[in-house]
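The sequence shown begins at -3 in our numbering and counts up by one. All C-beta atoms, glycine included, are put in the ideal place defined by N, C-alpha and C.
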Amino acid sequence: MRVLVTGGAGFIGAPVVALLTAAGHDVVAFDVLHPAAHRGPHDAASDVDVPLVRGDVRDPGAVAAALRGVDVVVHQAAMVGMGTDMADVPEYVGCNDLGTAVLLAGMARAGLRRLVLASSMVVYGEGTYACPAHGAVRPAPRAVDDLAAGRFEPTCPRCAAPLLPGLVDEDAPLEPRSVYAATKVAQEHLTAAWAATVGANAVALRYHNVYGPRMPRDTPYSGVAAIFRSALEHGVAPRVFEDGGQRRDFIHVHDVAMANAAALDATGGPPVGFRAYNVASGRPHTVGELAATLATACGGPPPVVTGEFRAGDVRHVVASPERARRELGFTATVSFEEGVAALSRAPLRV
Ligand code: UD1
């Protein structure tokens, strides 16, 4: 099959291109080499020999040309992360939402009906919580005063009791708490509307915290694993925010590529519309554990727990990987220990 991978030169897109090529697909990598992710010479799909089409998903002409002869689209192109400030908002919305809109319009025109969308766990906001007295509750965003006083755990909106974090599944309400998160929710909604309107199959993969080789270096758009790894490379201790007890599901980029391959197969049946899946290992770790494990593996200085906090950060997001296992046959294979040890030796993207 001919597969167009947008964002095909990226940290996740390049391994997707490599894996799909190895599986025998005819892959076209499409990428604008956005400066937020590519500051040096690109190393797109460096392990495979595929054409890289340099183009912007916001450009209808470039998208129409790239879609020629294509059977399935795997849409990874996006601006990710926290960003710098509100000046970033138009670029986030342009790349992520206008870009998706242009792609969907191009696919509709070309009669294409199969799409895999890179989404994110950020669509959930805070994870799932239960109050011992009130059952399942949705905590409000944490107050700055609480964070400044070192009260990091969300509390029950009814009785202020400490909450127990649970597993987020795909039916959890969407509650974006950052600009990036809002653009990912909009991408999902646009894609669902497209799929329902044209009679297509769209699979949205809600990536949890992806790490692995060729992560972008420390930038305002990088995830925490890249930030810690960059610091350690310079002999600097990782700075762990809050008290380090925030929980995430760190998933290796190789597993994320495997999930994309499984999702691509799943788009092949009769049209069922839009379906979302967590892409997670199912084995959560704290940010403090990540810092300590990586520091040991790098032989670097131990982490410093700073008590700093970022506006918009959520406390715990721990996923259920069950739906992806059941319906896509996807299970992560790289353990945290193995993946973090490999990250300590792996090159980052310049
Ligand atoms: C993700 C998004 C973020 C968004 C948030 C909530 C990415 C990279 N981040 O964050 O833009 O606002 O969901 O929707 O997509 N940390 C440290 N030290 C550091 C940097 C980060 O301890 O130097 C901590 C953070 O406070 C956070 C954790 O590491 O608790 C993970 O941070 P990050 O990698 O940005 O991912 P998410 O919080 O999951």
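{"Check": "Residue range of the beta strand (DSSP E) that includes Y203", "Outcome": "197 to 203"}
{"Check": "R394 to R105 span [Cα, whole Å]", "Outcome": "Missing from the structure shown is residue 394; the chain here goes from -3 to 346 and no further."}
{"Check": "Close-in-space but distant-in-sequence residues of the same chain around E171 (CB under 6 Å, 5 per side omitted)", "Outcome": "G121"}
{"Check": "M78 CB to nearest heavy atom of the ligand UD1 below 7 Å", "Outcome": "yes"}
{"Check": "Whether L260 touches V(-1) by CB criterion (8 Å)", "Outcome": "yes"}
{"Check": "Cβ of P212 within 8 Å of any chain B Cβ", "Outcome": "No chain B appears in this structure, which consists of one protein chain only."}
{"Check": "Distance cut-off 7 Å: F237 Cβ against heavy atoms of the ligand UD1", "Outcome": "yes"}
{"Check": "S226 - DSSP class collapsed to helix/strand/coil", "Outcome": "helix"}
{"Check": "Inter-residue Cα distance where the pair is L100 and T151", "Outcome": "40 Å"}
{"Check": "Spatial neighbours of L160 in its chain, beta-carbon cut-off 6 Å, leaving aside the 5 residues before and after", "Outcome": "A126"}
{"Check": "A192 to A178 span [Cα, whole Å]", "Outcome": "21 Å"}
{"Check": "Residue environment, G295, which counts as buried when at least 16 other CB atoms sit within 10 Å", "Outcome": "exposed"}
{"Check": "Bridge partner(s) assigned by DSSP for F305", "Outcome": "The partner list for F305 (beta bridge, DSSP) is empty, contrary to what the question assumes."}
{"Check": "The region 293 to 310 touching the region 234 to 248, judged by at least three CB pairs closer than 8 Å", "Outcome": "yes"}
{"Check": "F270 - DSSP class collapsed to helix/strand/coil", "Outcome": "strand"}
{"Check": "Near the ligand UD1: Y176 beta-carbon under 7 Å from a heavy atom", "Outcome": "yes"}
{"Check": "Status (buried if at least 16 other CB within 10 Å, exposed otherwise) for T329", "Outcome": "exposed"}
{"Check": "Status (buried if at least 16 other CB within 10 Å, exposed otherwise) for A257", "Outcome": "buried"}
{"Check": "Reduced DSSP category for D81 - H, G, I as helix; E, B as strand; rest coil", "Outcome": "coil"}
{"Check": "Segment contact, 8 Å Cβ cut-off, at least three pairs: the region 275 to 282 with the region 220 to 233", "Outcome": "no"}
{"Check": "Integer-rounded CB distance, given that D93 should sit under 8 Å from M(-3)", "Outcome": "Not quite, the Cβ-Cβ distance comes to about 27 Å (not below 8 Å), so this is no contact."}
{"Check": "Within the region 271 to 335, ranges of the alpha helix (DSSP H) (whole runs, at least 4 residues)", "Outcome": "283 to 294"}
{"Check": "Best match in D251, F326, A61, M117 for proximity to G208 [C-alpha to C-alpha]", "Outcome": "D251"}
{"Check": "Short Cβ contact (8 Å threshold) for A253 with V12", "Outcome": "yes"}
{"Check": "C-beta contact flag for G6 and A33 at 8 Å", "Outcome": "yes"}
{"Check": "The region 187 to 203 contacting the region 112 to 119, beta-carbon criterion three pairs below 8 Å", "Outcome": "yes"}
{"Check": "DSSP three-state assignment for V59, whether helix, strand or coil", "Outcome": "helix"}
{"Check": "Rounded straight-line distance, which links the Cα of P153 to that of A40", "Outcome": "The pLDDT assigned to A40 is 48, lower than 50, so where the model puts this residue is not dependable; a value taken from the coordinates is nonetheless given after this. Cα to Cα, the separation comes out at about 47 Å."}
{"Check": "R109 beta carbon near the ligand UD1 (any heavy atom closer than 7 Å)", "Outcome": "no"}
{"Check": "Three or more C-beta pairs below 8 Å linking the region 330 to 342 and the region 283 to 292", "Outcome": "yes"}
{"Check": "Beta-carbon spacing of Y273, A320 below 8 Å", "Outcome": "yes"}
{"Check": "C-alpha gap between L228 and R345, whole angstroms", "Outcome": "15 Å"}
{"Check": "Beta-bridge partners of G131, as assigned by DSSP", "Outcome": "C127"}
{"Check": "Contacting residues, own chain, Cβ-Cβ under 7 Å from F326 (five flanking each side not counted)", "Outcome": "M254, A255, A258, A320"}
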